[in-house]
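Quick note: the sequence shown, position 339, residue 339 per UniProt numbering, numbers continuous. A quick write-up on the structure given underneath.
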Amino acid sequence: MSTPDNSKPLSGATTPDNDTSNTLNDTRPGSEDQKLEKTEENDFPDGGLRAWLVAIGASGAFFCTLGYTNVFGIFQAYYMFNQMPERSADDIAWIGSIQGFLIFATGAVGGPLFDRFGAWLIRPAAVLYIFAIMMTSICKEYWQFMLAQGVLTGLANGLLMFPALAAVPQWFNANRGAAMGLSIAGSSLGAVVFPIVLSKLLTTTDLGFGWSVRITAFVMLPILAFSAICIRARLPPRRTQFFLWSSFKQPMYVLLIIALFFGMVGMYVPLFLLPTYAIKKGMSESLASYMVAIINAASIFGRVIPGVLGDKFGRINTLIGATLATGIIVFCWPKAETNASIIVIAAVFGFCSGAIISGGSVAVTLCTDDPKNIGTYMGVGMALASFSALIGPPVSGAMIDKYGRFEEVSYFAGAMTMFGALVAVAAKWASPKGLFGRT
């Protein structure tokens, strides 16, 4: 039996991803079994029916999860004028902020759980998610909305969303940006459909709030069932430690998290407040309810097209461009005074901001060369960035309550987004290919 050649260290052995000190089933460096396993891990299908079914299934999961919660602007405006008129904009914004925070914060658990146990987590999470929406439909008091729509929906959403997203990059490498863009674009499509459905049900029927929300849950059931069938992990579970603390020794990873944090602080503000802004500028409540749909219709293209461009010209490059463009649009937001100009701002903002989350998620996958760790890298990274949801909407809501206008809000959100773009440039500088490489 031949002995392994230890004259040269295993390539990448000093990187965080290849730390095998905690593996349950240790294999010798350079052994034939380990080489074969590594070859299989890096042999991405990059297409084919099975791979694209995973991407389409993930898109369905995003349609029901982030696509639904992205329409909180509809709920914000509806609650302010109907369910909770006695509550301030700041109070109501906290429901969406807690929800948005928990969706991504849960990734700190959902991502590593996927890496260790596979996609089975999607099934119980889907059941819990439907239950949370049903509970929201019977809420009457502020604290009930906070628990059902803010806490329970946010937790279930994250446990469902992150395993779905983490499965996709296991099947794609060269086309990873396009595949993940397609998957996350499901959230944009959902955020087009659900505002229209909710607006019609809430304003043109006698069903009331409860049944309007319950109908949306029934719409989600077959889609989530399809996603649970299609989404599968390609690789065997990772057997190392649950959290990869050594990942934080990588400057590029840390800087990307910071860039996403500041970019998302600014991105959340128009998503939550643009319908309210439109109403205050004289737009009818029914037309204003379509602002979120317009934003997300544009972001379908903003998620897919930059994903394809990122595969060709660099994924961090795409993130930088999207964040810069979003910051500029947010600065211009209060200059829109007419219905037409507000609609244009909504559409351009939707396209530009669409690539922040999708582009950021793809960029984070560059930080690991071990596909078994992708779920943990994405989940923990997005969880830390999710603290932005606890800052953007509540701070902007407090500014509106204090100043009674939106100029200060746009300055705050625009500055945060532009700073995020600058940090993304620093992340590119820290990447292996440097500032001028195609990263």
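Using N, Cα and C, we set each Cβ at its ideal position, and we do this for glycine too.
Taking C-beta atoms as the reference points, residue 363 and residue 315 count as a pair closer than 7 Å. Using a Cβ distance threshold of 7 Å, residue 375 and residue 60 do not count as a contacting pair.
Under the rule that a run must span 4 or more residues, the alpha helix (DSSP H) segments found entirely inside the segment 144-180 read 153-167. With a beta-carbon spacing of about 19 Å, residue 325 and residue 291 fall beyond the 8 Å limit used to define contacts. Under the DSSP assignment, residue 353 falls in the alpha helix (DSSP H) whose first and last residues are 339-364. Closest option to residue 170, judged by alpha-carbon separation, among 195, 47, 327 and 431: 47. Judged by DSSP in its simplified three-state form, residue 438 adopts coil rather than helix or strand.
Nearest to residue 229 by C-alpha distance, out of 296, 182 and 124, is 124.
Here residue 370 is buried, its C-beta having at least 16 other C-beta atoms within 10 Å. Residues 367, 427, 430 and 431 of the same chain have their beta carbon placed closer than 7 Å to that of residue 252, with the five preceding and five following residues left out of the count.
Separation of residue 83 and residue 288 (C-alpha to C-alpha, rounded to the nearest whole angstrom) is 18 Å.
Burial is judged here by how many other beta carbons sit within 10 angstroms of a residue's own beta carbon; residue 405 has fewer than 16 and is exposed. Looking at the backbone, the Cα of residue 44 and that of residue 319 are separated by about 24 Å. DSSP, reduced to helix, strand and coil, places residue 112 within a helical segment of the structure shown.
DSSP places residue 138 outside both helix and strand once states are collapsed to three, so it counts as coil. If you draw a straight line from the Cα of residue 87 to the Cα of residue 241, it comes to about 45 Å. The beta carbon of residue 377 sits closer than 8 Å to those of 111, 244, 247, 253, 364, 365, 367 and 368, all from its chain and outside the five residues before and after it, given in chain order. Here residue 187 is not near residue 58, since their CB atoms are 7 Å or more apart. By the neighbour-count definition (other C-beta atoms within 10 Å, threshold 16), residue 50 is an exposed residue. CA-CA distance, residue 78 to residue 130, rounds to 21 Å.
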